[in-house]
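**Q** Residue numbers (my numbering): 1 to 167. Glycine residues also receive a C-beta, built at the ideal position from the N, C-alpha and C atoms. Treat the numbers as computed from the prediction; the structure is a model and nothing was measured. My questions will all concern the structure given below.
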C-alpha cells in the first residue's frame, strides 16, 4: 500500500499569516494616503469656496459701483468672512446658511496668516486692495492672493497641494 500519495488541501498557517501581513501593510499605507488626499481635497475646496465668495463680493461692488468690504471674523475654533452688506453688530457671528458670509467648512481648516482682517473691493474698474489670506490644515497651506487689479488666485506654500502650483 502506497501512503506517500497524500494530496495537499488548503493553505498552511504560515502561508496565511504571510498573506495577512502583506495585506495589512498595504491597507495601512493606503489608508494613510487616502486620509492625506481627503485633507488636501478639503483644503482645496474650502479655498475655492472662499475665493468664490470674495468674487461675489467683488462683483457686487462692481455692479453697484460702490466700495464693498469683506471682514475676517475669528471666533474660538471657527472663523468666517462677512460681507459688509451683512455687517451689523448682531451679524458679526459665524453662522451657517447665509449668502452674505463664508463660514469655514471644517474646523481643521484654519487661517494661518492674513494681510488684514478687511478685504476692500472698489466698484470703479473692479479693483481691490491688495492682500492675501493663507489657509492651512494638516495637508498643507494655500494662499489666496488678491491683486490691486482685482484678480484672485490660489497658490500652495511650502509644498504643492493637489494641482495648485507653488507660490
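Note down the Cα distance separating residue 146 from residue 18, rounded to an integer number of angstroms.
**A** Taking the straight line joining both Cα atoms gives about 55 angstroms.
**Q** With contact counted as at least three CB pairs below 8 angstroms, one residue from each stretch, are the region 130 to 138 and the region 98 to 118 in contact?
**A** Output reads yes: the region 98 to 118 touches the region 130 to 138.
**Q** Please state whether DSSP places residue 109 in a helix, a strand or coil.
**A** Of the three classes helix, strand and coil, the one that applies to residue 109 here is coil, per DSSP.
**Q** What are the residues that DSSP puts in a beta bridge with residue 102?
**A** Residue 102 is bridged to 81.
**Q** If residue 130 sits next to residue 148, beta carbons under 8 angstroms apart, how far is it from one beta carbon to the other, in whole angstroms?
**A** With 8 angstroms as the limit, residue 130 and residue 148 qualify as a contact, their Cβ atoms being about 5 angstroms apart.
**Q** Ends of the beta strand (DSSP E) at residue 129?
**A** Looking at the DSSP string, residue 129 is not in any beta strand (DSSP E), and its letter there is neither H nor E.
**Q** Can you tell me the Cα-Cα spacing of residue 33 and residue 15, whole angstroms?
**A** The alpha-carbon atoms of residue 33 and residue 15 are separated by roughly 27 angstroms.
**Q** I need the straight-line Cα distance from residue 165 to residue 96, nearest angstrom please.
**A** The alpha-carbon atoms of residue 165 and residue 96 are separated by roughly 31 angstroms.
**Q** Between residue 168 and residue 37, what straight-line distance do the alpha-carbon atoms span, to the nearest angstrom?
**A** For the chain, the structure presents residues 1 to 167; residue 168 sits outside this window and is missing.
**Q** Inspect the beta-carbon positions of residue 70 and residue 119 and report whether they are closer than 7 angstroms.
**A** Result yes, Cβ atoms of residue 70 and residue 119 sit closer than 7 angstroms.
**Q** Let me confirm a value: residue 41 is counted as buried when at least 16 other C-beta atoms fall within 10 Å, else exposed. Which label applies?
**A** When all chains shown are included, residue 41 counts as exposed.
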